[in-house]
Amino acid sequence: MQKTFTTYNGKRISFEVIIDETLHTLQLPGINPNKKALFSLANDFESGMWRKDKFFSFIWDNIKETALSEDERKALIGKEHSSLAKSASNVVFRDNDEDDKGGEVGEILLYGILKHYYSALPVVPKIFYKQNTQDYAKGADSVHIVLEQDNSFSIWLGEAKFYNTLDNARFDKILKSVETMLDNAKLKKEFNIVTSIKDLEDLIPNKNIFEDIKSALADGVSLDVIKAKLHIPILLLHECKVTASHSGSMQAYKDNIQQKHLALAKKFIEKQESKLNGIFGYNDICFHLILFPVPNKNEIVKIFRKQLNAFREN
């Protein structure tokens, strides 16, 4: 596993990277660091204010990757407003549970991070399928393929949550989602979806790699083999009092967030070890904990939904 996870084509994320290390490097006490990494990032400030316009620009710049199929994206090239309107119409609000409210923001943010920082190809646009095909909507919040430098590939099944606080109950909830996602039957279903969607061939011009992916994920191949290629990015987009109250030095803010995220990572990985280590092949899977703080969840959800409705109506 690499020390850091940077892109292969020079693209970078537009937010501040706070921590980008494997747990081997971080050496958190009492933590099993095997195949685990922490990626902590944050938005910056302007005139003492958190840059919400920059945050929402990133969301809207990346919404098409998860809300439209590849055919729709191609058909709407050069029609930016139509593309955004179509994307907005495919977003389904989830209000059954307070923790689920605004989850679509986390899913889009995760897609953008995986695309721009990890050079991941968006194989299954989940918001699109949640709107159009309920069977395809089950499972991971994001499904990506990363083409590695040695002409191999890895498959990324992501989970994203947007919480107003981070505590053990919420850690339990997201880890239960990950555990369910890693159930053998659900993994096989997810891989069947990947190989059945024609977008995959469009996204991967190298036919040899394309055939390797289809062969590796085909029915009958043991999951024990595939788990060595499996990455699980877990995004915790979360409300943060430090972010809400900050108005001073950016470096002081980054230092403060770094310490908080290290402590959060230790608590989360301890919980992950206790909840998931019974999964067969657990130690073969790469896990990436991704932390992103915001000042106020309810305000962000309110703004995003107002923007969605504006695009839908025009």
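To convert, count from 1 in the sequence shown and add 961; that's our numbering. For each residue, glycine too, the CB sits at the ideal point set by N, CA and C. The model shown is predicted, which means the values in this text are computed figures rather than measured ones.
Below 7 Å CB to CB, which residues in the same chain sit around residue i once its five sequence neighbours on both sides are set aside?
i: residue 1142; result: 1100, 1101, 1118 and 1120
i: residue 1145; result: 1184
i: residue 1123; result: 1063, 1064, 1066, 1067, 1198 and 1258
i: residue 1126; result: 1200
i: residue 1155; result: 1084, 1085, 1104, 1161 and 1178
i: residue 1096; result: Residue confidence is low: residue 1096 scores 47 on pLDDT, short of 50, so the model does not pin down where it sits. Its coordinate-derived value is still stated next. No residues qualify anywhere along the chain.
i: residue 1246; result: 996, 1188, 1191 and 1193
i: residue 1234; result: 993
With DSSP run on the structure shown, which of helix, strand or coil describes residue i?
i: residue 1235; result: helix
i: residue 1077; result: helix
i: residue 1102; result: coil
i: residue 1082; result: strand
i: residue 1097; result: Caution is warranted here: a pLDDT of 41 is assigned to residue 1097, below 50, making its placement in the model unreliable, and the coordinate value is therefore given only provisionally. Of the three classes helix, strand and coil, the one that applies to residue 1097 here is helix, per DSSP.
i: residue 1241; result: coil
i: residue 1122; result: strand
i: residue 962; result: Here residue 962 scores only 38 on pLDDT, less than 50, and its place in the model is too uncertain to base an answer on.
i: residue 1037; result: Confidence in residue 1037 is poor, its pLDDT being 46 and thus under 50, which makes the residue's placement unreliable; the coordinate value appears in the next sentence. Here residue 1037 sits in coil by DSSP.
i: residue 1024; result: helix
i: residue 1018; result: helix
i: residue 1216; result: helix
i: residue 1222; result: helix
i: residue 1210; result: coil
i: residue 974; result: coil
i: residue 1268; result: helix
Go through its chain and collect everything with a Cβ distance to residue i's Cβ below 8 Å, but skip five positions before and after it.
i: residue 1133; result: 1232 and 1236
i: residue 1201; result: 1218, 1221, 1254, 1255 and 1256
i: residue 1169; result: 1112
i: residue 1182; result: 1176
i: residue 1010; result: 1208
i: residue 902; result: Past the boundaries of the shown model lies residue 902; the chain is included only from 962 to 1275, so the question cannot be answered.
Would you mind sorting residue i into buried or exposed? The rule is 16 or more other CB atoms within 10 Å of its CB.
i: residue 1226; result: buried
i: residue 1018; result: exposed
i: residue 1260; result: exposed
i: residue 983; result: buried
i: residue 1027; result: buried
i: residue 1003; result: buried
i: residue 1152; result: buried
i: residue 997; result: buried
i: residue 1093; result: Unreliable placement is indicated for residue 1093, whose pLDDT of 49 sits below 50; the coordinate value is still reported in the next sentence. Exposed is the call here.
i: residue 1016; result: buried
i: residue 1073; result: buried
i: residue 1159; result: exposed
i: residue 1023; result: buried
i: residue 986; result: exposed
i: residue 1262; result: buried
i: residue 1081; result: buried
i: residue 990; result: exposed
i: residue 1188; result: buried
i: residue 1241; result: exposed
i: residue 1270; result: exposed
i: residue 1166; result: exposed
i: residue 1284; result: No answer is possible for residue 1284: the residues shown for the chain start at 962 and end at 1275.
i: residue 1139; result: buried
i: residue 1137; result: exposed
i: residue 1186; result: exposed
i: residue 1267; result: exposed
Pull up the DSSP beta-bridge partners for residue i, would you.
i: residue 1254; result: 1199
i: residue 1115; result: 1107
i: residue 1229; result: Bridge partners of residue 1229: none, in fact.
i: residue 1191; result: 1116
i: residue 1248; result: 997 and 1193
i: residue 1006; result: 1011
Just curious, the beta strand (DSSP E) that residue i is in, first and last residue?
i: residue 1002; result: 997-1003
Could you give the first and the last residue of the continuous alpha helix (DSSP H) run that contains residue i?
i: residue 1146; result: 1145-1157
i: residue 1322; result: Past the boundaries of the shown model lies residue 1322; the chain is included only from 962 to 1275, so the question cannot be answered.
i: residue 1012; result: That residue, residue 1012, is in no alpha helix (DSSP H); it is neither H nor E in DSSP.
i: residue 993; result: Taken as a continuous stretch (DSSP letters only), residue 993 belongs to no alpha helix (DSSP H), as it is neither H nor E.
i: residue 1141; result: 1129-1142
i: residue 1173; result: 1168-1177
i: residue 1187; result: 1184-1187
i: residue 1061; result: Careful: residue 1061 lies outside any alpha helix (DSSP H) and carries neither H nor E.
i: residue 1163; result: 1160-1164
Residues in its own chain within less than 6 Å of residue i by CB, not counting five upstream and five downstream?
i: residue 1190; result: 1115 and 1116
i: residue 1071; result: 1103, 1119, 1121 and 1196
i: residue 1244; result: 995
i: residue 1001; result: 979, 980, 1222 and 1252
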